[in-house]
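For reference, the structure discussed in these notes is given below.
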Amino acid sequence: MEDGIVVEGLRKRFGSTQALDGLDLAVDEGAVLGVLGPNGAGKTTAVRVLATLLRPDAGHASVFGVDVVADPVRVREMIGLTGQYAAVDEFLTGWENLEMVGRLFRMSRRAARQRADELLERFDLTEAAGRPAKTYSGGMRRRLDLAASLVARPRVLFLDEPTTGLDPRSRIGMWQVIGDLVRDGTTMLLTTQYLEEADQVASTIAVVDHGKVIARGTADELKTSIGGERLHFTVADPEQLGTALEAVRRYADGEPDADKETGELTIPVRQGARVLPDVIRELDAAGVVIADLAVRRPTLDDVFLTLTGHAAEERAETGAAR
Amino acid sequence: MSRTLWWFSDAWVMTLRNLRRIPRQPDMLLFGVIQPIMFIVLFRYVFGGAMSSAPGVSGGDYAQFLMPGVFVQTVVFGAVASAAIGTAEDMQKGLMDRFRSLPMSRSSVLIGRTVSDTVRNALTVAVMVAVGMLVGFRFHGSVLSSIAGVALMLLFGFALSWLAVLIGLSVGSVEAAQSAGMMWLFPLTFASSAFVPPQTMPGWLRAFAEHNPVSVTVDTLRALFNGTAVGSAGWQMAAWMIGLIVVFLPLSVAKFRRASV
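Protein chains in written order, with my numbering: chain A, 1 to 322; chain B, 1001 to 1261.
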């Protein structure tokens, strides 16, 4: 199998922020890599280097064997890029946007028009084709932006947080579209802040923090490494937190997290729905009064808590570089 | 197709993109026309009486003196505002990232900007000429020199827009482009021969006003529209235009190649 995307020891510094600190990534031809990390982890910087928009300070990046620094023009012929914000001209219609990109890919006028029609049809935008893009909803704009990055049928697609800011319905629609592209054999690198999204779309996941990869594996591997679900309790009387902790400790799969200030108790468990009745019985028997309870799936916070020992949120504040 | 032909194709696609946007932002076009009309009417009738006896206003005909000044002011503001704000907007909205990730020529993105701005300016100038005629302005020179005058003012706007493109690429936001792009135009156009003869200004200001690129352009236009000799203003204007393009076109293209937001 040919190497799709290879990133080795990539470094990039902006002022005092080390955005990329020896990043290594590899995506096989036809595979989808989900790059998972909080804001400021260096995801967008990595995509910008791969898309020839930014020169790295050190390290190598190549797309199908073509180095992005040495031969950016050949790389641009192979790639499609969809950024965080929809990069479409809002005063042009959907059709005009796509036709323009086709022409800039040096297609003949006829081919560019035909391709624009095809893509509008495929992304369910035919009805809106003649309207300026500024009249589109957020989801429609993202679809148009994605369509624009597909005009030249790229072998490699970079999706930088393709669903950030979208409502749940548009998000699912976007995942379906991405799934279709995967089935067509497009090699893809997708960045996201959502574990669920990486899980849905990617074949392998690289967790990135502070400009380097801190964990990698399939979605299942990662999930196993961070545990199944989280049982989240709020104890009515924070004084009882110790009692509660002792009562449920044997159900925990990993270290429980107790917050004395708020009386919140988080327990990583396997098969949360199944153990929940037992846990409640134990708490009841110990005389602990519960104010609130929830079973939730692992979030990016849990991944970070498990892998780095700190929450994702504070990372987002200290490392604001893109 | 050869590289040169592709370059022209890219530049044309980009120009077309910007031209298509013009009628879809009628507020901007309207504002770009209404403001200069206001200038013509206000200056012509507020200052006209006082200026008719000022030294340097030939024949006491202020409309004839004023119009080349308003033409150049309009073209300069139009070109600079559009290029600085338009470029900053494309950077901010991520469109430049899209263009820079395509296998297209990068300089043609900027050429498309400045050429389409020049076309837009030509539309504005057509309206200005009509309004100027209404308030008493006339072309006294030959047809050829009148056409040359109009072409030169548009070319001056084109040259100055390369500086504006560089500003737009450098500032990073539309708001900053609005202030950084426009601020310097006020001293440039008002401390010039555009609205009053520099003879009436204090010495230090007069020295600036007489060598200001706006002044030499306005003086050249006055000569061409009045059918008198252009004199040294002509080559000074040519030197400014060539200088602006030679310096700021390559700087803008280089900046755009490296640009990152």
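The C-beta atom is built at its ideal place from N, Cα and C for all residues, glycine as well.
Treat the numbers as computed from the prediction; the structure is a model and nothing was measured.
Option in the options with minimal Cα separation from residue i
{"i": "proline 1055 (chain B)", "options": "B:Pro1068, B:Val1171 and B:Pro1198", "result": "B:Pro1198"}
{"i": "isoleucine 1245 (chain B)", "options": "B:Gly1231, B:Thr1228 and B:Phe1156", "result": "B:Phe1156"}
{"i": "arginine 1020 (chain B)", "options": "A:Asp160, A:Arg74, A:Asn97 and A:Gly263", "result": "A:Asn97"}
{"i": "proline 268 (chain A)", "options": "A:Thr17, A:Val289 and A:Arg296", "result": "A:Arg296"}
{"i": "valine 151 (chain A)", "options": "A:Val207, A:Gln271 and A:Leu181", "result": "A:Leu181"}
{"i": "valine 69 (chain A)", "options": "A:Thr52, A:Gly83 and A:Leu104", "result": "A:Thr52"}
{"i": "alanine 198 (chain A)", "options": "A:Gly185, A:Thr186, A:Leu293 and A:Asp220", "result": "A:Asp220"}
{"i": "leucine 217 (chain A)", "options": "A:Thr17, A:Phe91, A:Ser16 and A:Gly34", "result": "It should be noted that the sequence gives glycine, not leucine, for residue 217 (chain A). Answer by Cα proximity: A:Gly34."}
{"i": "phenylalanine 1256 (chain B)", "options": "B:Ala1079, B:Trp1012 and B:Arg1113", "result": "B:Arg1113"}
{"i": "leucine 25 (chain A)", "options": "A:Asp71, A:Ala215, A:Gly139 and A:Val288", "result": "A:Ala215"}
{"i": "arginine 1098 (chain B)", "options": "B:Ala1151, B:Met1014, B:Val1150 and B:Gly1032", "result": "B:Met1014"}
{"i": "glycine 139 (chain A)", "options": "A:Asp167, A:Leu157 and A:Glu121", "result": "A:Asp167"}
{"i": "glutamate 255 (chain A)", "options": "A:Leu305, A:Leu125, A:Pro154 and A:Asp209", "result": "A:Leu305"}
Outcome for residue i when other beta-carbon atoms lying within 10 angstroms are tallied against a minimum of 16
{"i": "tyrosine 1045 (chain B)", "result": "exposed"}
{"i": "glutamine 176 (chain A)", "result": "exposed"}
{"i": "glycine 1231 (chain B)", "result": "exposed"}
{"i": "arginine 274 (chain A)", "result": "exposed"}
{"i": "lysine 134 (chain A)", "result": "exposed"}
{"i": "glycine 242 (chain A)", "result": "exposed"}
{"i": "serine 108 (chain A)", "result": "exposed"}
{"i": "glutamate 313 (chain A)", "result": "Residue confidence is low: glutamate 313 (chain A) scores 47 on pLDDT, short of 50, so the model does not pin down where it sits. Its coordinate-derived value is still stated next. Its Cβ having fewer than 16 others within 10 Å, glutamate 313 (chain A) is exposed."}
{"i": "alanine 236 (chain A)", "result": "exposed"}
{"i": "proline 277 (chain A)", "result": "exposed"}
{"i": "threonine 1118 (chain B)", "result": "buried"}
{"i": "methionine 1153 (chain B)", "result": "buried"}
{"i": "tryptophan 1162 (chain B)", "result": "buried"}
{"i": "glutamine 1064 (chain B)", "result": "buried"}
{"i": "aspartate 292 (chain A)", "result": "exposed"}
{"i": "glycine 179 (chain A)", "result": "exposed"}
Pair within 8 Å by beta-carbon distance, residue i and residue j
{"i": "leucine 10 (chain A)", "j": "valine 49 (chain A)", "result": "yes"}
{"i": "threonine 93 (chain A)", "j": "alanine 129 (chain A)", "result": "yes"}
{"i": "threonine 1074 (chain B)", "j": "methionine 1128 (chain B)", "result": "yes"}
{"i": "arginine 76 (chain A)", "j": "leucine 1029 (chain B)", "result": "no"}
{"i": "glutamate 127 (chain A)", "j": "glycine 59 (chain A)", "result": "no"}
{"i": "threonine 187 (chain A)", "j": "alanine 31 (chain A)", "result": "yes"}
{"i": "glycine 1181 (chain B)", "j": "alanine 1194 (chain B)", "result": "no"}
{"i": "valine 1072 (chain B)", "j": "isoleucine 1040 (chain B)", "result": "no"}
{"i": "serine 1252 (chain B)", "j": "leucine 1110 (chain B)", "result": "yes"}
{"i": "leucine 1169 (chain B)", "j": "methionine 1091 (chain B)", "result": "yes"}
Neighbourhood of residue i by C-beta distance below 6 Å, restricted to the same chain and skipping five residues each side
{"i": "phenylalanine 1139 (chain B)", "result": "Ser1146 and Phe1225"}
{"i": "alanine 19 (chain A)", "result": "Lys12, Gly42, Thr45, Gly211 and Ala321"}
{"i": "aspartate 1010 (chain B)", "result": "Met1104, Ser1105 and Ser1108"}
{"i": "leucine 159 (chain A)", "result": "Thr82 and Leu190"}
{"i": "glycine 1048 (chain B)", "result": "Tyr1062"}
{"i": "phenylalanine 123 (chain A)", "result": "Arg143 and Ala147"}
Cut-off 8 Å between Cβ atoms - residues of its own chain near residue i, not counting five sequence neighbours on either side
{"i": "arginine 131 (chain A)", "result": "Thr93 and Gly94"}
{"i": "alanine 1191 (chain B)", "result": "Met1201, Leu1205, Phe1208, Ala1209 and Asn1212"}
{"i": "alanine 316 (chain A)", "result": "Low local confidence applies: a pLDDT of 41 at alanine 316 (chain A) is under 50, so the model's placement there is unreliable, with the coordinate-based value given in what follows. Closer than 8 Å at Cβ, skipping near neighbours: Pro38, Asn39 and Gly40."}
{"i": "valine 1076 (chain B)", "result": "Phe1156, Gly1157, Leu1160, Leu1185, Leu1188, Thr1189 and Val1214"}
Cut-off 7 Å between Cβ atoms - residues of its own chain near residue i, not counting five sequence neighbours on either side
{"i": "alanine 148 (chain A)", "result": "Val88, Asn97, Leu98 and Val101"}
{"i": "arginine 171 (chain A)", "result": "Thr163"}
{"i": "arginine 74 (chain A)", "result": "Val66"}
{"i": "threonine 1004 (chain B)", "result": "none"}
Cβ-heavy atom distance, residue i to the ligand GTP, below 7 Å
{"i": "aspartate 1027 (chain B)", "result": "Within the structure as shown, the ligand GTP is missing, as the structure has no ligands at all."}
Paired residues, beta bridge with residue i - DSSP
{"i": "methionine 100 (chain A)", "result": "Methionine 100 (chain A) pairs with nothing; no bridge assigned."}
{"i": "alanine 215 (chain A)", "result": "A:Val207"}
{"i": "methionine 188 (chain A)", "result": "A:Val32 and A:Leu157"}
{"i": "glycine 228 (chain A)", "result": "Glycine 228 (chain A) is not bridged to any residue."}
{"i": "alanine 26 (chain A)", "result": "A:Val6"}
{"i": "serine 62 (chain A)", "result": "A:Val6 and A:Asp67"}
{"i": "glutamate 264 (chain A)", "result": "A:Thr234 and A:Asp259"}
Residue-level contact to chain E via CB, residue i, 8 Å cutoff
{"i": "glutamate 161 (chain A)", "result": "As a matter of chain content, chain E is missing from the structure shown, whose protein chains are A and B."}
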